[in-house]
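Peer 1: For the record, in the sequence shown the residue sitting at position 219 is 223 according to the working numbering, with numbers rising by one throughout.
We put the beta carbon where it would ideally sit given N, CA and C, even for glycine.
Note that the structure is a prediction, hence the values are computed from the model and not measured.
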Amino acid sequence: MPGDGFRYDSRTASLTALHLKVPNAVDPTDLVSEEVTIRGLDGTPLPLSIVYRKGLVRDGTAPTALIGYGAYGDAFTPAFSRRYMAWLERGGVLAIAHVRGGGELGEGWHLAGKKLTKPNTWRDFIASAQYLIDAKYTSTPHLGIWSQSAGGILIGRSITERPDLFAAAVDGVPSSDTLREETSATGPANIPEFGTVKDPDGFKGLFEMAAYEHVVPGTKYPATLVTAGANDPRVDPWEGAKMASRLQAANAGPNPILFRVNYDAGHGITDTIAQQLSDWTDIFTFFLWNFGNPDFQPAVLARSTKAAAYTAQ
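(1) Can you give me the C-alpha to C-alpha distance between F10 and D175, rounded to a whole angstrom?
(2) For V36, which residues does DSSP report across the bridge?
(3) What do you get for R238, buried or exposed, if any count of 16 or more other CB atoms within 10 angstroms of its CB means buried?
(4) Taking the beta strand (DSSP E) that R264 falls in, what are its first and last residues?
(5) My guess is that G74 and L158 are in contact by the Cβ rule of under 8 Å, so how many angstroms apart are they, rounded?
(6) Would you tell me roughly how many angstroms separate the C-alpha atoms of A266 and A232, rounded to the nearest one?
(7) Locate the beta strand (DSSP E) running through R11, then write down its first and last residues.
(8) Which residue comes first and which comes last in the beta strand (DSSP E) that contains Q152?
(9) Which residues does DSSP pair with I163 in a beta bridge?
(10) Out of A17, D13 and L35, which one is the CA nearest neighbour of E93?
(11) Quick one: what's got a C-beta closer than 6 Å to P221's C-beta in the same chain, skipping five residues either side?
(12) DSSP state of V304, grouped into three classes?
(13) On the DSSP bridge list, what partners appear for R43?
(14) Can you say whether G199 is buried or exposed, counting buried as having 16 or more other CB atoms within 10 angstroms of its CB?
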């Protein structure tokens, strides 16, 4: 069962289930998991995983979180996550886009989303979002997207290329200014994956990846939460700060553009459980707020709205 513990005996190389009592026990038989193949914007078959509770009515109103990554050949593989269960138990849909740049279909899949082919990564993600809308799992007002780190290329370029497609985006500790990233302390380590500005093709690829360079003034952007860790050893906090600032200056719509800095954390990988819970609470709350869920509207905004309505009368 999800959350159970096991005792490993190194002498016999055996595992014994402890059958621990887990608070808020999960019943996985209440969930539906679909593995579908969709068409990318260039016609390439793309794997897409969709998880939801039984009884979902596909009328386009389900709150949906679409996640992805698409870098370094990393692959999303089946696993249990209690943080995702909090979303699913509320009736949300969780979708995982297995975009090019990842390793789900081997090294060729990785190379098809690397350097000059990197645009395939975010365009596969856009195609996955469009499929969820067309198939009526959700609709734009109920669709949120999330990734982090190198996945900041995925999120940043998705909202700059198709700002009309999403209600909300969470851009976690993002690589968003890839033209300047190699000047940071750990930037050179990313050159084999993304390229270098010292090479003409490298510069061209990095420019396409740089979400910061593709923010257009006067555009209505989706509600966006950009995060940073003050002690992040992998992606410097200034990248997220620049991205949030530029979005705030360019945004012509009413949606909030926020920048959240965790001064006690870093890149997320080694954060404490309490820090991770705080992060994911903010992610899902941000989505539900901007989907219009009445239970998640900020009290200050609610009071301001009532005051404005009273004044108008």
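Peer 2: Reading from the atomic positions:
(1) For the purposes of this step, residue 10 is taken as the residue at position 6 of the sequence shown. For the purposes of this step, residue 175 is taken as the residue at position 171 of the sequence shown. Roughly 35 Å separates the two Cα atoms.
(2) Counting from 1 along the sequence shown, the entry for residue 36 is found at position 32. Per DSSP, Y56.
(3) For the purposes of this step, residue 238 is identified with residue 234 of the sequence shown, where counting begins at 1. Burial call: buried.
(4) Walking along the sequence shown from the start, residue 264 turns up at place 260. Element bounds for R264: I261 to N266.
(5) Taking the sequence shown and counting its residues from 1, the one referred to as residue 74 is at position 70. Taking the sequence shown and counting its residues from 1, the one referred to as residue 158 is at position 154. Contact flag correct, Cβ pair sits at about 5 Å.
(6) The residue labelled residue 266 in the question sits at position 262 within the sequence shown. The residue labelled residue 232 in the question sits at position 228 within the sequence shown. With the sequence shown as reference, residue 266 is identified as Asn, and Ala is not the correct amino acid for it. Taking the straight line from one Cα to the other gives about 6 Å.
(7) On the sequence shown, residue 11 is found 7 positions in, with the first residue counted as 1. Residues F10 to D13.
(8) For this step, residue 152 is matched to residue 148 along the sequence shown. Taken as a continuous stretch (DSSP letters only), the beta strand (DSSP E) holding Q152 covers L147 to Q152.
(9) On the sequence shown, residue 163 is found 159 positions in, with the first residue counted as 1. DSSP lists no partner for I163.
(10) The residue labelled residue 93 in the question sits at position 89 within the sequence shown. The shortest Cα separation from E93 among A17, D13 and L35 belongs to L35.
(11) By 1-based counting over the sequence shown, the position of residue 221 is 217. Excluding residues within five positions, the ones whose Cβ falls inside 6 Å are A254.
(12) Position 300 of the sequence shown, counted from the start, is the residue given in the question as residue 304. Correct three-state label for V304: helix.
(13) Counting from one through the sequence shown, the residue named residue 43 turns up at place 39. Partner(s): P49.
(14) Position 195 of the sequence shown, counted from the first residue, corresponds to residue 199. Looking at its Cβ environment, which holds 16 or more other Cβ atoms inside 10 Å, G199 is buried.
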